[in-house]
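Asker:
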Amino acid sequence: MTDARTGAAPLVFITGASSGIGQALATRFAAAGYRLALVARRAPEVQAWADAQGWDAARVGVYAADVRNLEAIASAGRACLVRQGVPDVVIANAGISVGIDTADAADLEVMRATFETNNLGMAATFQPFVAAMVARRSGRLVGIASVAGIRGLPGHGAYCASKAGVIAYCESLRGELRASGVRVVTIVPGYIDTPLTRGNRYSMPFLMPADAFADRAFAAISAGASYRVIPWQMGIVARLLRALPNVVFDRLLAGRPRKRRRNE
Numbered sequence: 133m134t135d136a137r138t139g140a141a142p143l144v145f146i147t148g149a150s151s152g153i154g155q156a157l158a159t160r161f162a163a164a165g166y167r168l169a170l171v172a173r174r175a176p177e178v179q180a181w182a183d184a185q186g187w188d189a190a191r192v193g194v195y196a197a198d199v200r201n202l203e204a205i206a207s208a209g210r211a212c213l214v215r216q217g218v219p220d221v222v223i224a225n226a227g228i229s230v231g232i233d234t235a236d237a238a239d240l241e242v243m244r245a246t247f248e249t250n251n252l253g254m255a256a257t258f259q260p261f262v263a264a265m266v267a268r269r270s271g272r273l274v275g276i277a278s279v280a281g282i283r284g285l286p287g288h289g290a291y292c293a294s295k296a297g298v299i300a301y302c303e304s305l306r307g308e309l310r311a312s313g314v315r316v317v318t319i320v321p322g323y324i325d326t327p328l329t330r331g332n333r334y335s336m337p338f339l340m341p342a343d344a345f346a347d348r349a350f351a352a353i354s355a356g357a358s359y360r361v362i363p364w365q366m367g368i369v370a371r372l373l374r375a376l377p378n379v380v381f382d383r384l385l386a387g388r389p390r391k392r393r394r395n396e
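Residue numbers (our numbering): 133 to 396.
1. Could you give the DSSP three-state label for arginine 310: helix, strand or coil?
2. For the beta strand (DSSP E) containing isoleucine 232, name the first residue and the last one.
3. Along the beta strand (DSSP E) that carries glycine 271, what are the first and last residues, could you check?
4. Report buried or exposed for glycine 356, applying the criterion of at least 16 other Cβ atoms within 10 angstroms of its Cβ.
5. How should aspartate 382 be labelled, buried or exposed, when 16 other C-beta atoms within 10 angstroms of its C-beta is the threshold for buried?
6. Quick one, are the C-beta atoms of tyrosine 291 and threonine 318 less than 7 Å apart?
7. Does the beta-carbon of threonine 448 have 16 or more other beta-carbons within 10 angstroms, so that it is buried, or is it exposed?
8. Spatial neighbours of leucine 213 within its chain, please: CB distance less than 8 Å, with the 5 preceding and 5 following residues excluded, ordered by chain position.
9. For leucine 339, which residues in the same chain have their Cβ closer than 7 Å to its Cβ, ignoring the five residues on either side in sequence?
10. Put leucine 143 into one of helix, strand or coil per three-state DSSP.
11. Between which two residues does the alpha helix (DSSP H) holding glycine 154 run?
12. Does the beta-carbon of tryptophan 181 have 16 or more other beta-carbons within 10 angstroms, so that it is buried, or is it exposed?
13. When DSSP labels each residue in this structure, what does aspartate 343 get in the three-state scheme?
14. Closest to histidine 288 by CA distance: which of Leu252, Ile368, Leu240, Ala351 is it?
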């Protein structure tokens, strides 16, 4: 696969590439012939993993950045533009999920970190590339949301609120860029088997391996889908939950274990 304009393979820029969904997406895009720009706080680990795959410097660039640090993620984006060019796909995948208790003042800082990572970090990931994509009149901006953004879950207020924000933000951005040739894709994972979910102490219906998720996400992104829940079964569950009256929803979740808080 090559870009007809430049003769180079297409390029995908992925944050949160050190494990889980980010790493699975990197593997899937590489299999499709893409060059990779991989961003993570633990850049040496990502570089070691990329080397183990046999990918050389012409195939993959690794950038160190915490998406909460706006200058760091902007610098990573600028470095990618200079070194590898304008990406064809930008995936804002970096995210955190920690339970909170609003009665505990210390958990307000957890909530701040969650919003800074999952929401502000997403916008900061997209920002360096928007003008160049619009000028080129093509590209995909991909926000990784969650079915947790559909309804609030006990003890999960920070994560649920942040992912609801991702869904609304991507919808707004999609409207802004509708006539530009740049597609905004919202991917809404259900339960995916990653280090982020393995500590959950509640049932996770339709749990999906990360590589199977990546296959379906790749198809949705390639098609330019505006919104896709993966797996599809969770999309049905999410719609049903959204339609439930509050009194029924609250009763259904009564006694559900809370999300683990930091240090639990």
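We treat Cβ as the ideally placed atom computed from N, Cα and C, and that holds for glycine.
Note that the structure is a prediction, hence the values are computed from the model and not measured.
Answerer: On the basis of the supplied data:
1. The sequence position of residue 310 within the sequence shown is 178, counting from 1. In this structure, arginine 310 counts as coil in the three-state DSSP scheme.
2. Translated into positions along the sequence shown, residue 232 becomes position 100. Per DSSP, isoleucine 232 belongs to no beta strand (DSSP E) and is neither H nor E.
3. Working through the sequence shown from its first residue, we reach residue 271 at position 139. Run containing glycine 271: 271-276, per the beta strand (DSSP E) assignment.
4. Taking the sequence shown and counting its residues from 1, one reaches residue 356 at position 224. Looking at its Cβ environment, which holds fewer than 16 other Cβ atoms inside 10 Å, glycine 356 is exposed.
5. Indexing the sequence shown from 1 puts residue 382 at position 250. When all chains shown are included, aspartate 382 counts as exposed.
6. Walking along the sequence shown from the start, residue 291 turns up at place 159. Walking along the sequence shown from the start, residue 318 turns up at place 186. Result no, Cβ atoms of tyrosine 291 and threonine 318 do not sit closer than 7 Å.
7. Not covered by the structure: residue 448. The range shown for the chain is 133 to 396.
8. On the sequence shown, position 81 is the one that residue 213 refers to. The residues are Pro260, Phe261, Ala264.
9. Here the question's residue 339 lines up with position 207 in the sequence shown. Only Tyr323, Asp325 meet the Cβ criterion.
10. Position 11 of the sequence shown, counting from 1, holds the residue named residue 143. Reduced to three states, the DSSP call for leucine 143 is strand.
11. Here residue 154 refers to the residue found at position 22 when the sequence shown is read from its first residue. That run of the alpha helix (DSSP H) goes 152-163.
12. In the sequence shown, counting from the first residue as 1, residue 181 sits at position 49. The residue in question, tryptophan 181, is buried, as its Cβ has 16 or more Cβ neighbours within 10 Å.
13. Counting from one through the sequence shown, the residue named residue 343 turns up at place 211. Three-state DSSP puts aspartate 343 in a helix.
14. The sequence position of residue 288 within the sequence shown is 156, counting from 1. That would be Leu240, whose Cα lies nearest to the Cα of histidine 288.
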